[in-house]
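First comes the structure, then the notes that go with it.
Numbering (our numbering), first residue to last: 14 to 95.
Pasting the structure below:
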């Protein structure tokens, strides 16, 4: 969804889905590895906190862009290209 979609809200949701997949992998592999107990869970919790901050900032940018252009399609924001 991140590369195929043009709706910015769908792209943000796809990024969150990918981060949750990483969380699942961290928690699952932490149960099978010897080492610090709960390390995978701590990393997953850290990623969840960072993802919440990312969504907050990302959706604030999307809302500001929507107020400016009245659309959330990524194709209309060509002035952001370097």
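Just so you know, even glycine gets a beta-carbon here, dropped at the ideal spot from N, CA and C.
Cut-off 8 Å between Cβ atoms - residues of its own chain near residue i, not counting five sequence neighbours on either side
{"i": "residue 89", "result": "82"}
{"i": "residue 42", "result": "53"}
C-beta neighbour in chain B for residue i, strict 8 Å
{"i": "residue 63", "result": "Given the protein chain composition of this structure (a single chain), no chain B is represented."}
Beta-carbon spacing of residue i, residue j below 8 Å
{"i": "residue 53", "j": "residue 40", "result": "yes"}
Sequence-distant residues of the same chain with beta carbon closer than 7 Å to residue i, five excluded per side
{"i": "residue 64", "result": "29, 32"}
{"i": "residue 71", "result": "25"}
Selected residue, minimal CA-CA separation from residue i, among the options
{"i": "residue 22", "options": "74, 92, 91", "result": "74"}
{"i": "residue 38", "options": "69, 57, 48", "result": "57"}
{"i": "residue 36", "options": "49, 59, 50, 48", "result": "59"}
Sequence-distant residues of its chain with Cβ nearer than 6 Å to residue i (five each side left out)
{"i": "residue 87", "result": "19, 21"}
*Taking the runs of the alpha helix (DSSP H) that are 4 residues or longer, which of them lie wholly in the region 18–85?*
21–45, 52–82
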